[in-house]
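Each remark here refers to the structure printed beneath this line.
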Amino acid sequence: MARGGRAPTRILIVGGGYVGLYAALGLQRRLRRDEADLLLVNPHSFMTYQPFLPEAASGLIEPRHVVVPLRTVLKRVRLITGTVQGLDHARRTATVAPTEGHAYELSYDVVVVGPGSVSRVLPVPGLAERAVGFKTVTEAIFLRNQVLSRMDVAESTDDSNLRRRALTFLFVGGGYAGVEALAELEDLARDACRYYRSVRRQDMRWVLVEAADGILPEIGSDLGEYAVQRLQRRDIEVHLRTKLESAEGGRMVLSTGESFEADTLVWTTGVRAHPAVARMGFPLDERGRVLADEFLRVRDVLDAWAAGDCASVPDITTGGVTPPTAQHALRQAKQLARNVVATLRGGEPQPFRYRQLGALVSLGRYKGVARVMRIRLRGFPAWFLHRTYHLSRIPTANRKVRVVLDWTVALFFRRDVVQLGSLQHPRDPLREASEN
Ligand SMILES: Cc1cc2nc3c(=O)[nH]c(=O)nc-3n(C[C@H](O)[C@H](O)[C@H](O)COP(=O)(O)OP(=O)(O)OC[C@H]3O[C@@H](n4cnc5c(N)ncnc54)[C@H](O)[C@@H]3O)c2cc1C
Numbered sequence: 001m002a003r004g005g006r007a008p009t010r011i012l013i014v015g016g017g018y019v020g021l022y023a024a025l026g027l028q029r030r031l032r033r034d035e036a037d038l039l040l041v042n043p044h045s046f047m048t049y050q051p052f053l054p055e056a057a058s059g060l061i062e063p064r065h066v067v068v069p070l071r072t073v074l075k076r077v078r079l080i081t082g083t084v085q086g087l088d089h090a091r092r093t094a095t096v097a098p099t100e101g102h103a104y105e106l107s108y109d110v111v112v113v114g115p116g117s118v119s120r121v122l123p124v125p126g127l128a129e130r131a132v133g134f135k136t137v138t139e140a141i142f143l144r145n146q147v148l149s150r151m152d153v154a155e156s157t158d159d160s161n162l163r164r165r166a167l168t169f170l171f172v173g174g175g176y177a178g179v180e181a182l183a184e185l186e187d188l189a190r191d192a193c194r195y196y197r198s199v200r201r202q203d204m205r206w207v208l209v210e211a212a213d214g215i216l217p218e219i220g221s222d223l224g225e226y227a228v229q230r231l232q233r234r235d236i237e238v239h240l241r242t243k244l245e246s247a248e249g250g251r252m253v254l255s256t257g258e259s260f261e262a263d264t265l266v267w268t269t270g271v272r273a274h275p276a277v278a279r280m281g282f283p284l285d286e287r288g289r290v291l292a293d294e295f296l297r298v299r300d301v302l303d304a305w306a307a308g309d310c311a312s313v314p315d316i317t318t319g320g321v322t323p324p325t326a327q328h329a330l331r332q333a334k335q336l337a338r339n340v341v342a343t344l345r346g347g348e349p350q351p352f353r354y355r356q357l358g359a360l361v362s363l364g365r366y367k368g369v370a371r372v373m374r375i376r377l378r379g380f381p382a383w384f385l386h387r388t389y390h391l392s393r394i395p396t397a398n399r400k401v402r403v404v405l406d407w408t409v410a411l412f413f414r415r416d417v418v419q420l421g422s423l424q425h426p427r428d429p430l431r432e433a434s435e436n
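In the numbering used here, the protein residues as written are 1 to 436.
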């Protein structure tokens, strides 16, 4: 029932990622139109399925197919493309900045907070000017174009220094995002070499730098060591217990004292809660995440819920806090939607309980590592499981079919090595025409 038998409850959802999409789906399915008005604010009109970004970067999946158009699935939700800049929860008012036009205030009755996370950036000189992260489809497309354009540069110059710099690719951070991105892009470059006369794999330098003494902590140290060996067998340099100290002027200085020039620097050293949550007036933990209880309510605050990477949610199966993974965000969103509905109807919310089953990491085509409960998998079986699992998880039948078609095409045809970096400068041809 609408509160007080009057207007429908207005539910504002901040963010359209895993949390936003799945919470909105749960709410639109369970709540009648006269019970609730649903609004979702997200900077884009799509949700990004991040586990497929490495394959979008390497060209095995068309980038448009790793995003899910929110308007087509959230038919009962009003989607506002923009950002929530802050909340005045006492007044139940949000400040919304649309992608164009001035910011305005939006009133709500209940808020669901899910703006996710941003890359954790450290004060390394030159980082902001030189590095690119790996969290968005924009970054994935950029990196694909970057790798291929650097190969074009190397093929077309007779300057050996320029060539060496163009063919050096540095990745900082050995978590699954960085390792999968590195493995897929190296596969792409290796395959692309066949189309270049003077660029061979041995002319390139692919480097992974990790501050800890192992990579992929999610899958355990033995599989992490196996992954290091697999990467090294592909002539990828893995520097453990090493940090990037400077990237100024494109010269990469490592904590071991080594330094070299590189045109490509990918920074994937983990995530932190989205800074937007600091402007919402909610209690935060020491890492800047919104403090939530096991029911996914913002702690000690009425009518406010939070989940996903931006939230500190107690893990009642381990006694700790749930990690920032899609597995958790998706399930939290579904539980959150059930709890919001129960609360609106005068029922009791249920605690979030999920024991992570394992972790799956792709190391490029036909290669991978996986831990599923106590079972450890390597090579093709792990890669196959990674693909099958994520295919089953990407939202909508439409996206599943398109991804399968992309994979099928990739089985029968060689990889597409076109780079369309010029797409980022659509006005250049007309400007040049007007100058000549
Ligand atoms: C390359 C990569 C691979 C990954 N692979 C896996 C994997 O294999 N398995 C796994 O479990 N996890 C994986 N993850 C982690 C997983 O993607 C995240 O844990 C998950 O996306 C978190 O969901 P979320 O809804 O909290 O945030 P997100 O999915 O990031 O969504 C947050 C949304 O909120 C929007 N937003 C931000 N600020 C505002 C604002 N102020 N107002 C409105 N909207 C805002 C953002 O633009 C975004 O659309 C991977 C992550 C990356 C980057």
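Note that the Cβ used here is the ideal one computed from N, Cα and C, for glycine as well.
Got a sec? Which residues, its chain only, sit under 6 Å from Arg297 by beta carbon, not counting five neighbours each side? As a working mapping, residue 297 is identified with position 297 in the sequence shown. Excluding sequence neighbours, Arg297 sits near Trp305.
Bridge partners - Thr81, DSSP secondary structure assignment: Locating residue 81 in the sequence shown gives position 81, counting from the first residue. Note: Thr81 sits in a beta bridge opposite Asn42.
In chain order, what residues of the same chain lie with their CB nearer than 7 Å to the CB of Arg150, ignoring the 5 residues before and after it? One-based indexing of the sequence shown puts residue 150 at position 150. Excluding sequence positions up to five before and after Arg150, its CB lies within less than 7 Å of the CB of Ala166, Leu167, Asp263 and Thr264, all in the same chain and listed in chain order.
Pick helix, strand or coil for Ala307, following the three-state DSSP scheme. Counting from one through the sequence shown, the residue named residue 307 turns up at place 307. Of the three classes helix, strand and coil, the one that applies to Ala307 here is coil, per DSSP.
Let me make sure I understand the geometry here. Which of Leu188, Arg230, Gly319 and Gly379 has the alpha-carbon closest to that of Ala56? As a first step, residue 56 is located in the sequence shown; it is residue number 56 there, counting from the start. Among Leu188, Arg230, Gly319 and Gly379, the Cα nearest to that of Ala56 is on Leu188.
Let's test the definition: count the other Cβ atoms within 10 Å of the Cβ of Gly17 and tell me whether it reaches 16, buried, or not, exposed. Translated into the one-based positions of the sequence shown, residue 17 becomes position 17. Taking every protein chain shown into account, the CB of Gly17 has 16 or more other CB atoms within 10 angstroms, so this residue is buried.
Rounded C-beta distance between Leu330 and Tyr22? I'm assuming under 8 Å. As a position in the sequence shown, residue 330 is number 330, starting the count at 1. As a position in the sequence shown, residue 22 is number 22, starting the count at 1. Cβ-Cβ separation between Leu330 and Tyr22: approximately 5 Å, consistent with a contact (criterion under 8 Å).
Give the C-beta separation of Gly281 and Leu216 to the nearest angstrom, bearing in mind that I take them to be a contact with Cβ-Cβ under 8 Å. Within the sequence shown, the letter at position 281 stands for residue 281. Within the sequence shown, the letter at position 216 stands for residue 216. Incorrect: roughly 37 Å between the Cβ atoms, too far for contact.
Between the Cα of Leu70 and the Cα atoms of Val403, Thr396 and Arg431, which residue gives the shortest distance? Numbered from its first residue, the sequence shown carries residue 70 at position 70. The residue from Val403, Thr396 and Arg431 with its alpha-carbon nearest to that of Leu70 is Thr396.
If you draw a straight line from the C-alpha of Arg3 to the C-alpha of Leu31, how long is it? Start at 1 with the first residue of the sequence shown, and residue 3 comes out as number 3. Start at 1 with the first residue of the sequence shown, and residue 31 comes out as number 31. Unreliable positioning characterises Arg3 in this predicted model, as indicated by a pLDDT of 49, which lies under 50. A coordinate reading is not provided.
Where does Met1 land, buried or exposed, given buried means 16+ other C-beta within 10 angstroms? Numbered from its first residue, the sequence shown carries residue 1 at position 1. Per-residue confidence for Met1 stands at a pLDDT of 43, beneath the threshold of 50, marking its modelled position as unreliable; the derived number appears in the next sentence. Exposed, by the Cβ-count rule.
Rounded C-beta distance between Cys310 and Ser45? I'm assuming under 8 Å. Mapped onto the sequence shown, residue 310 falls at position 310. Mapped onto the sequence shown, residue 45 falls at position 45. Incorrect: roughly 21 Å between the Cβ atoms, too far for contact.
Leaving out five residues on either side along the sequence, give the residues of the same chain with a beta carbon under 6 Å from the beta carbon of Lys75. The residue labelled residue 75 in the question sits at position 75 within the sequence shown. For Lys75, where only same-chain residues beyond five positions count, there are no Cβ hits under 6 Å.
Straight-line CA distance for Arg200 to Val417? As a working note, residue 200 is residue 200 in the sequence shown. As a working note, residue 417 is residue 417 in the sequence shown. Rounded to whole angstroms, Arg200 to Val417 spans 15 Å at the Cα level.
Fully enclosed by the segment 89 to 169, which beta strand (DSSP E) runs are 3 residues long or longer? Whole beta strand (DSSP E) segments, 3+ residues: 93 to 98, 104 to 107, 110 to 113 and 117 to 119.
Label Pro123 either buried or exposed according to how many other C-beta atoms from any shown protein chain fall within 10 Å of its C-beta, with 16 as the threshold for buried. Walking along the sequence shown from the start, residue 123 turns up at place 123. With fewer than 16 Cβ atoms within 10 Å of its Cβ, Pro123 is classed as exposed.
For Ala128, count the other beta carbons within 10 Å of its own beta carbon; 16 or more makes it buried, fewer makes it exposed. Which is it? Working through the sequence shown from its first residue, we reach residue 128 at position 128. Classification of Ala128: exposed, given that the 10 Å Cβ count is below 16.
Glu210 versus Val172 - alpha carbon distance: Position 210 of the sequence shown, counted from the start, is the residue given in the question as residue 210. Position 172 of the sequence shown, counted from the start, is the residue given in the question as residue 172. The alpha-carbon atoms of Glu210 and Val172 are separated by roughly 6 Å.
Assigned secondary structure, Ala370 (DSSP; H/G/I helix, E/B strand, else coil): The residue labelled residue 370 in the question sits at position 370 within the sequence shown. Three-state result, Ala370: strand.
Residue ranges of each beta strand (DSSP E) within the segment 195 to 274, 3 or longer: Whole beta strand (DSSP E) segments, 3+ residues: 205 to 209, 236 to 239, 244 to 246, 251 to 254, 259 to 261, 264 to 267 and 271 to 273.
I'd like to confirm the pairing. Which residues does DSSP put opposite Ala36 in its beta bridges? Within the sequence shown, residue 36 is the residue found at index 36, counting from 1. Paired residues: Thr9.
Using DSSP bridges, identify the partner residues of Arg376. Locating residue 376 in the sequence shown gives position 376, counting from the first residue. Answer by DSSP bridge pairing, in chain order: Arg371.
Within 10 angstroms of its Cβ, does Glu83 collect 16 or more other Cβ (buried), or is it exposed? Along the sequence shown, read from residue 1 onward, the residue named residue 83 stands at position 83. The sequence shown places Thr at residue 83, rather than the Glu named in the question. Under the 10 Å beta carbon count, Thr83 is surrounded by 16 or more other beta carbons and is classified as buried.
For the segment 353 to 367 against the segment 382 to 400, are there 3 or more C-beta pairs whose distance is under 8 Å? Contact between the segment 353 to 367 and the segment 382 to 400 is present, because at least three Cβ pairs lie under 8 Å.
Would you say the beta carbon of Gln50 is closer than 7 Å to some non-hydrogen atom of ligand 1? Locating residue 50 in the sequence shown gives position 50, where the first residue counts as 1. For ligand 1, at least one heavy atom lies less than 7 Å from the Cβ of Gln50.
When DSSP labels each residue in this structure, what does Leu391 get in the three-state scheme? Along the sequence shown, read from residue 1 onward, the residue named residue 391 stands at position 391. In this structure, Leu391 counts as helix in the three-state DSSP scheme.
In whole angstroms, what is the alpha-carbon distance linking Gly119 and Arg6? Within the sequence shown, residue 119 is the residue found at index 119, counting from 1. Within the sequence shown, residue 6 is the residue found at index 6, counting from 1. What sits at residue 119 in the sequence shown is Ser, not Gly. Arg6 has its alpha-carbon roughly 43 Å from the corresponding atom of Ser119.
Pick from Pro314, Ala326 and Leu302: whose alpha carbon is nearest that of Gly308? As a working note, residue 308 is residue 308 in the sequence shown. The residue from Pro314, Ala326 and Leu302 with its alpha-carbon nearest to that of Gly308 is Ala326.
Taking the alpha carbon of Gly126 as the point to measure from, which residue in Gly114, Ile394, Thr343 and Leu244 has its own alpha carbon closest? Counted from its first residue, the sequence shown places residue 126 at position 126. For Gly126, the closest alpha carbon among the candidates Gly114, Ile394, Thr343 and Leu244 is that of Leu244.
Sorry if obvious, but does the Cβ on Pro115 come closer than 7 Å to a heavy atom of ligand 3? Ligand 3 is not among the ligands present in this structure, which contains only ligand 1.
Run through DSSP, which three-state label would Pro54 get? In the sequence shown, residue 54 corresponds to position 54, counting from 1. The DSSP-derived three-state label of Pro54 is helix.
Do you know whose CA, among Val313, Leu40, Arg345 and Leu170, lies nearest Glu258's CA? Position 258 of the sequence shown holds residue 258. Cα-wise, what sits closest to Glu258 is Leu170.
Tell me which residues share the same chain as Met373 and place their Cβ nearer than 7 Å to its Cβ, disregarding the 5 neighbours each side in the sequence. Taking the sequence shown and counting its residues from 1, one reaches residue 373 at position 373. Cβ-Cβ distances below 7 Å link Met373 to Leu357 and Gly358 in the same chain, with the five nearest sequence neighbours on each side left out; the list follows chain order.
Compute the Euclidean distance between the alpha carbons of Ile13 and Ser58, then round it to the nearest angstrom. Taking the first residue of the sequence shown as position 1, residue 13 is located at position 13. Taking the first residue of the sequence shown as position 1, residue 58 is located at position 58. Our two residues, Ile13 and Ser58, have alpha carbons roughly 33 Å apart in a direct line.
Own chain partners of Glu248 with C-beta closer than 6 Å, once the 5 adjacent residues on each side are dropped: Taking the first residue of the sequence shown as position 1, residue 248 is located at position 248. Only Pro125 and Gly126 meet the Cβ criterion.
Euclidean distance between Cα positions of Gly86 and Asp191: Sequence index remark: in the sequence shown, residue 86 carries index 86 (1-based). Sequence index remark: in the sequence shown, residue 191 carries index 191 (1-based). When the Cα atoms are used, Gly86 and Asp191 turn out to be separated by approximately 47 Å.
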